[in-house]
Amino acid sequence: MTKPTVAIIGTSGALGKPTLDAFESSIFADKFQFPIKTLSRSSKPSTDKIEYIQGSLDDEGTDKVVEAFKGVDVIIELSGPQVYGPVETLVKQVKPKLFIPSQFGTEIDKSDKVFPGFLDIKTKHSKAVRDVGIKTVDVITSLFASPGAFLYEIVGQVGIDPESKTVTYRGEPDLKFSFTHVNDIGRSVAAIAAIDPSKLPDKVRIQSGLITPSQVVERYEKDHNVKLTVKNESAEEALKAGQAKYAQGFNPADFLFYLNVLLSQGVDNGLRFSQNENELVNPGNNSWTWDQY
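Under the UniProt record's numbering, the first residue of the sequence shown carries the number 1, and numbering increases by one thereafter.
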């Protein structure tokens, strides 16, 4: 297989820098045809590894981006749902050999039995591209970990309320859940982009490891020099309360609460994988060492 050409959309968010860092690292130095094309709203200086293409996916800008991306083998999307429609239009016109959509997070087909329709906009997005015959691979990561952000400062997904200095353990405090460091997400995306699309499944689950809510609480208390007041709620109570709230309609303000309820339900309910594809992206852990919490 010839070395693939790659284009990336949405590098200003949480996964942008880790993904660009991965493509620029020595791990993938001989895996791609450089430079990697990267869509940017603002003007940025390009390098031998990254070519910034100034543009936008609005009504006037999409045609220009299609022209710039024409002929690329892989399109990676790191942006949010607000541009799913324009991205679908772009991908269908460019017709890459592989599309990696902005999934990243909950294993939606598993969480659906807890919260029917939860994040189904992501499922519909992937299906829309897959249905026109473009190989589409959903990368599922469970909860992100990133110092200064996810599972360090953003901690509602494990029941911590920084404002009231409390933690509500929904389910067992030592119940393990899957997590993936944002650096490992970037590396895994690059690794998938380098694989022959015909050898890829439609869903790739990755994880840096397993941790527990109590470990996050311990880290948070140490980092913030605080002692959290502990509350406890059984997994059954959490499920009942979560489904009752969700039945009133999805509320973005409750997103971390929904994740906390999913976490409390254990294996194969969205945030703890019974199996994963780590070996596919990093065989024998020989390409890199997974970051730990």
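We treat Cβ as the ideally placed atom computed from N, Cα and C, and that holds for glycine.
A quick note: this is a predicted structure, and the numbers were derived from the prediction, not measured.
With 16 other Cβ atoms within 10 Å as the buried cut-off, status of R41: R41 should be labelled exposed.
Selected residue, minimal CA-CA separation from D48, among D58, A244, K37: Nearest of D58, A244, K37 to D48, Cα basis: K37.
The alpha helix (DSSP H) enclosing Q243, as first and last residue numbers: That run of the alpha helix (DSSP H) goes 235-246.
N260 in three-state terms, based on DSSP: Correct three-state label for N260: helix.
Which listed residue (K110, D63, E107) has its alpha carbon closest to that of V91: Closest option to V91, Cα to Cα, is D63.
In DSSP terms, what G209 is bridged to: Per DSSP, F179.
Segments assigned alpha helix (DSSP H), at least 4 residues, entirely inside the region 72-135: As far as the region 72-135 is concerned, its whole alpha helix (DSSP H) runs of at least 4 residues are 84-94, 108-111, 120-130.
Check whether Q207 and S164 have beta carbons under 8 Å apart: With contacts defined as CB atoms closer than 8 Å, Q207 and S164 fail to qualify as a contacting pair.
Beta-carbon proximity list for Y152, same chain, < 8 Å, skipping 5 on both sides: Non-local C-beta neighbours of Y152 in its own chain, meaning closer than 8 Å and more than five positions away in sequence, comprise A145, S146, R219, Y220, D223, ordered along the chain.
Counterpart residues of T229 in DSSP-defined beta bridges: Answer is T166.
Cut-off 6 Å between Cβ atoms - residues of its own chain near I75, not counting five sequence neighbours on either side: These residues qualify, in order along the chain: A7, V91, P96, F99.
N183, buried or exposed, once every other Cβ within 10 Å from all chains shown has been counted against 16: Classification of N183: buried, given that the 10 Å Cβ count is 16 or more.
Residue range of the unbroken beta strand (DSSP E) whose run includes A7: Segment 6-9, the beta strand (DSSP E) holding A7.
Alpha-carbon spacing of L271 relative to L39, whole angstroms: Note on geometry: alpha-carbon atoms of L271 and L39 lie some 31 Å from one another.
Selected residue, minimal CA-CA separation from S188, among E236, K113, T289: Check the Cα spacing between S188 and each of E236, K113, T289: the tightest is with T289.
Three-state secondary structure assigned by DSSP to E60: In the structure shown, E60 sits in coil (DSSP, three-state: anything other than H, G, I, E or B).
Euclidean distance between Cα positions of I121 and G242: So the alpha carbons of these two residues sit roughly 20 Å apart.
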